[in-house]
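J.: This is the structure I have questions about; it appears just below.
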Amino acid sequence: MATHALENIRNFSIVAHIDHGKSTLADRLIQGTGAVAERDMVEQVLDSMDIERERGITIKAQTVRLDYMARDGKTYILNLMDTPGHVDFAYEVSRSLAACEGSLLVVDASQGVEAQTLANVYHALDAGHEIVPVLNKIDLPAAEPERIKRQIEDVIGLDASQAVLISAKTGQGIDQVLEAIVTRLPPPQGDDTAPLKALLVDSWYDAYLGVVVLVRVIDGTLKKHQKIEMIRTNAHYEIDKIGVFRPKMQDVAELLPGEVGFITAQIKEVADTRVGDTITDARRPCAEALPGFKPAQPVVFCGLFPVDAANFGDLRAAMGRLRLNDASFSYEMESSAALGFGFRCGFLGLLHLEIIQERLEREFNLDLIATAPSVIYRILKRGGDLLELHNPADMPDPAKIEAIEEPWIRATILTPDDYLGAVLKLCQERRGVQADLSYAGSRAMATYDLPLNEVVFDFYDRLKSISKGYASFDYAITKYRPGDLVKMSILVNAEPVDALSMLVHRDRADARGRAMVEKLKELIPPHMFQIPIQAAIGGKIIARETVRALRKDVTAKCYGGDVTRKRKLLEKQKAGKKKMRQFGKVEIPQAAFIAALKMDG
Numbered sequence: 000m001a002t003h004a005l006e007n008i009r010n011f012s013i014v015a016h017i018d019h020g021k022s023t024l025a026d027r028l029i030q031g032t033g034a035v036a037e038r039d040m041v042e043q044v045l046d047s048m049d050i051e052r053e054r055g056i057t058i059k060a061q062t063v064r065l066d067y068m069a070r071d072g073k074t075y076i077l078n079l080m081d082t083p084g085h086v087d088f089a090y091e092v093s094r095s096l097a098a099c100e101g102s103l104l105v106v107d108a109s110q111g112v113e114a115q116t117l118a119n120v121y122h123a124l125d126a127g128h129e130i131v132p133v134l135n136k137i138d139l140p141a142a143e144p145e146r147i148k149r150q151i152e153d154v155i156g157l158d159a160s161q162a163v164l165i166s167a168k169t170g171q172g173i174d175q176v177l178e179a180i181v182t183r184l185p186p187p188q189g190d191d192t193a194p195l196k197a198l199l200v201d202s203w204y205d206a207y208l209g210v211v212v213l214v215r216v217i218d219g220t221l222k223k224h225q226k227i228e229m230i231r232t233n234a235h236y237e238i239d240k241i242g243v244f245r246p247k248m249q250d251v252a253e254l255l256p257g258e259v260g261f262i263t264a265q266i267k268e269v270a271d272t273r274v275g276d277t278i279t280d281a282r283r284p285c286a287e288a289l290p291g292f293k294p295a296q297p298v299v300f301c302g303l304f305p306v307d308a309a310n311f312g313d314l315r316a317a318m319g320r321l322r323l324n325d326a327s328f329s330y331e332m333e334s335s336a337a338l339g340f341g342f343r344c345g346f347l348g349l350l351h352l353e354i355i356q357e358r359l360e361r362e363f364n365l366d367l368i369a370t371a372p373s374v375i376y377r378i379l380k381r382g383g384d385l386l387e388l389h390n391p392a393d394m395p396d397p398a399k400i401e402a403i404e405e406p407w408i409r410a411t412i413l414t415p416d417d418y419l420g421a422v423l424k425l426c427q428e429r430r431g432v433q434a435d436l437s438y439a440g441s442r443a444m445a446t447y448d449l450p451l452n453e454v455v456f457d458f459y460d461r462l463k464s465i466s467k468g469y470a471s472f473d474y475a476i477t478k479y480r481p482g483d484l485v486k487m488s489i490l491v492n493a494e495p496v497d498a499l500s501m502l503v504h505r506d507r508a509d510a511r512g513r514a515m516v517e518k519l520k521e522l523i524p525p526h527m528f529q530i531p532i533q534a535a536i537g538g539k540i541i542a543r544e545t546v547r548a549l550r551k552d553v554t555a556k557c558y559g560g561d562v563t564r565k566r567k568l569l570e571k572q573k574a575g576k577k578k579m580r581q582f583g584k585v586e587i588p589q590a591a592f593i594a595a596l597k598m599d600g
C-alpha cells in the first residue's frame with residue numbers, strides 16, 4: 000500500500016475565484032476516481048461545516064487522497080487540496096500550495112479572469128507550481144471559451160492553448176482533467192533514506208483524537224510510535240496514529256516522501272502545532288527547517304458582547320472551543336460601560352468576522368452584539384513610544400500624540416467598462432489613490448491604494464451594488480502611513496458611550512457624526528425628559544440631535560379659574576424634568592446599538 004514510487008504521486012491544489020466551481024470540480028474528481036460510494040455522494044463533499052454548504056463557500060482547506068488508473072495502465076495517487084477562494088482566507092490557500100507541486104487553475108468560461116483568480120495564481124506561481132488552466136461551465140449558453148483562453152494569456156501570461164474544457168456540474172471533461180494532472184503536473188521530489196523532514200500544513204481539534212495534524216512528507220519516513228520533534232516549538236511527541244483521507248480517515252502504517260496524510264500524537268492544543276512548522280525525527284533530526292509561512296495577522300478588530308450579561312461564561316467557553324480549530328482568530332477580555340463584559344477579537348477580514356460570529360450564535364446558541372469593526376492603528380507618542388491601538392475607546396490624550404499611522408492596502412478591482420466611472424468614484428470617496436488602470440479585454444483593471452479602515456466597513460457591499468455584482472476585488476496589506484485621524488465620541492445625555500466611539504479621518508468626521516446622531520435619534524425611545532445626543536471630537540461638539548420628552552398634561556384637571564394655577568403646575572413640571580435630566584438614566588435599547596453599528600457610512 001505505502002510502497003508507491005515517487006513518480007506515481009501527484010500533489011495538486013485547485014485555485015480559483017469564488018463561485019468558479021472549485022468545490023464542484025473536487026466533487027467530480029472524487030466521484031470519477033470512485034473514492035466515495037455513489038450512495039454517500041453529496042454536494043460539496045469536502046465542505047464539512049454547515050455554513051460552508053449554506054453560503055456555498057469553502058472556509059477551511061481540505062485534502063483527499065484519490066487512486067486513479069491512468070490510460071498508460073499505471074495507478075497514480077492523487078492528493079487533492081481544495082482551497083478557499085475568498086480574500087479573507089488567503090492564508091489557507093498559501094499553506095495548501097506549499098504542500099503541492101502543481102495547481103489546476105479553474106476559470107469560469109462565461110465570467111473570465113477575476114481579481115481573486117489573479118491573486119491565487121500569483122500565490123501558486125510564487126510557490127513554483129506547474130499550472131494547468133481548466134475552463135469550467137462550458138455548458139452555459141454564455142460560455143466563450145476561446146475569448147477566455149485569450150484573456151488568460153493576456154492578463155496572466157499563461158499559455159492557455161492546452162486548457163481543458165469542462166463542465167463540473169454535468170461531469171463533462173473530467174477524464175481529461177485527470178489525465179492532465181497525471182501527464183502535465185510534476186511528481187514530488189524526496190529521499191526516503193534521508194532524516195525525516197515533514198511540513199505541518201494544518202491542524203484541528205477532534206473531540207476523540209485530540210489535535211489532528213495534516214502533514215506533507217518531504218524526506219524520510221513517518222512511522223507509528225516514532226518519536227518526533229517540532230522544530231519551531233521544540234516540543235517532542237510520540238505518534239499514535241497515521242493515516243490518509245479518502246475523504247474519510249483511513250489508517251496506514253507509514254507515510255513516505257511526497258505523501259500527504261495526518262498524524263495524531265496526544266497533542267492537547269492546536270496552539271502547540273504551528274502551521275508551517277517542520278516535523279523531524281527526535282533521534283535523527285534534519286539539518287535545517289523548512290521556510291514555513293508568515294503567521295496569519297488579524298487586520299480587523301471588534302468587540303463581541305453577550306446580549307444577556309449572564310451568558311458571559313458561555314461566551315468565554317465558546318471562544319476557547321473555536322480558537323482550538325481556528326488559529327487565526329484571536330481574542331482578549333474587555334469591559335464596556337454600555338455593554339458589560341465581552342471580548343475584543345481579531346479577524347482576518349469582514350467575512351471571517353461574520354463567519355465566527357455566525358458560528359458562535361449557531362453552534363453555541365449565543366445572542367451577541369458586535370461593536371463597530373476597527374483596524375490596528377499605530378500611535379507615535381511625543382516621548383518616542385510606539386503604541387498599537389486596537390480599540391478606539393483606549394486612545395491616549397491627543398496632546399501626547401505626535402502622529403497616528405493607519406494601515407493601507409493595495410486593491411485590485413476588475414470591472415466591466417460600464418461601471419468603471421462609479422467604481423473610480425467610490426475609490427476616490429474612500430480616500431483612494433490610483434496606482435494603475437489597464438484593460439484586460441473588455442474589462443478594466445484598476446489598482447488603488449486605499450486606507451484599510453475605509454474598506455473594512457462596507458466597501459465590498461457598495462462595490463457589488465454599484466457594479467450590479469460584476470466587479471471583483473482583491474487586496475493585500477502594504478504599509479502604514481500617517482493620517483489626519485481623530486477620535487469621535489458619541490455622548491447621550493452628556494455621557495460618552497464607549498461602544499460607539501471610532502477613529503475617523505478629520506475631513507469625514509462631520510458627515511459621519513451627523514449621520515450617527517440622526518440614526519440614534521430615531522432609535523432611542525423618548526423618556527420623560529429630553530435627551531441630547533451629541534457627536535464630539537475632543538471638547539468640540541460637531542453634531543447634535545435632541546430626543547423630545549414625553550409630555551404629560553399636568554393642567555388637564557384645571558378648568559376655569561385663574562391662569563396662575565396652570566402656570567404654577569407647568570413651572571413645577573419643568574423643574575421636575577430638569578432634575579430628572581440631571582439624575583435620570585437613559586436606557587439605550589440593544590437594537591439601537593446594533594442598528595447604529597450597522598450604519599452605512
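All the letters of the sequence shown, read from the start, carry residue numbers 0 to 600 under numbering that gives the first Met the number 0. Idealized CB from N, CA, C, for every residue including glycine.
#1: So, for I540: in the same chain, excluding its five sequence neighbours on each side, which residues have a beta-carbon less than 6 Å away from its beta-carbon?
#2: Identify whether L349 lies in helix, strand or coil by the three-state DSSP scheme.
#3: Along the chain, where does the beta strand (DSSP E) that runs through K478 open and close?
#4: In the DSSP assignment, the beta strand (DSSP E) including P144 goes from what residue to what residue?
#5: Can you list, in chain order, the residues of its chain whose CB lies under 6 Å from that of Y474, leaving out five sequence neighbours each side?
#6: According to DSSP, G260 sits in a beta bridge with which residue or residues?
#7: I want to know whether the segment 469-485 touches the segment 125-134 - three or more CB-CB distances under 8 Å.
#8: Within 10 angstroms of the Cβ of N364, are there 16 or more other Cβ atoms? Answer buried if so, exposed if not.
#9: Considering only residues of the same chain and omitting the five flanking positions on each side of L157, which have a CB-CB separation below 7 Å?
#10: Compute the Euclidean distance between the alpha carbons of L65 and L352, then round it to the nearest angstrom.
#11: R564 and C557: beta carbons closer than 9 Å?
#12: Can you give the Cα-Cα distance for D205 and G101, rounded to whole angstroms?
#13: Out of P391, A548, L522 and L419, state which residue places its alpha-carbon closest to the alpha-carbon of I536.
#14: Would you report the Cα separation of R283 and K267, rounded to the nearest angstrom?
#15: Between the C-alpha atoms of E6 and P187, what's the straight-line distance to the nearest angstrom?
#16: If we count the other Cβ atoms within 10 Å of its Cβ and call it buried at 16 or more, is Q110 buried or exposed?
#17: Does the Cβ of L569 have 16 or more other Cβ atoms within 10 Å, making it buried, or fewer, making it exposed?
#18: Starting from the C-beta of R183, find all residues in its chain whose C-beta is less than 6 Å away, skip the five residues before and the five after it, and write them out in chain order.
#19: DSSP on P397, reduced to helix/strand/coil?
#20: Alpha carbon to alpha carbon, how far is K424 from P481?
#21: Counting only the same chain and skipping the five closest in sequence on each side, list residues whose C-beta sits under 6 Å from that of R231.
#22: Exposed or buried, which one is V259 when buried takes at least 16 other CB atoms within 10 Å?
#23: Start and end of the alpha helix (DSSP H) containing Q188?
#24: Could you check the C-alpha separation between L350 and D18 for me, to the nearest Å?
#25: With a threshold of 8 Å on Cβ separation, who are the neighbours of I355 within its own chain once the five nearest residues in sequence on each side are excluded?
#26: What residue range does the beta strand (DSSP E) around D107 cover?
#27: So, does the segment 365-381 touch the segment 302-314, judging by three or more C-beta pairs under 8 Å?
#28: Rounded to the nearest angstrom, how far is the Cβ of L213 from that of T62, given a contact under 8 Å?
#29: Given this structure, state the Cα-to-Cα distance separating S334 from N135, to the nearest angstrom.
#30: Can you give the Cα-Cα distance for P395 and D384, rounded to whole angstroms?
#31: Mind checking which residues open and close the alpha helix (DSSP H) that includes G512?
#32: Is the segment 105-123 in contact with the segment 136-148, if contact means three or more CB pairs nearer than 8 Å?
#33: Excluding the five sequence neighbours on either side, which residues of its own chain have a C-beta within less than 6 Å of the C-beta of A402, listed in chain order?
#34: Mapping DSSP to helix, strand and coil, what is D497?
#35: In whole angstroms, what is the alpha-carbon distance linking S12 and R513?
#36: Counting only beta-carbon atoms, is D460 nearer than 9 Å to chain C?
T.: Concretely, from the data shown:
#1: Q533
#2: helix
#3: S471 to P481
#4: From DSSP, P144 is part of no beta strand (DSSP E) but of the alpha helix (DSSP H) over P144 to Q150.
#5: I408 and A410
#6: V214
#7: no
#8: exposed
#9: I130, P132 and I151
#10: 34 Å
#11: yes
#12: 30 Å
#13: P391
#14: 25 Å
#15: 7 Å
#16: buried
#17: exposed
#18: V131
#19: helix
#20: 23 Å
#21: R273 and D276
#22: buried
#23: No alpha helix (DSSP H) holds Q188; DSSP gives it neither H nor E.
#24: 15 Å
#25: L321, D325, F328, C344 and F346
#26: G101 to D107
#27: yes
#28: 6 Å
#29: 50 Å
#30: 12 Å
#31: R505 to L522
#32: yes
#33: L379 and P481
#34: helix
#35: 49 Å
#36: Going by chain labels, chain C is absent from the structure shown, which holds only one protein chain.
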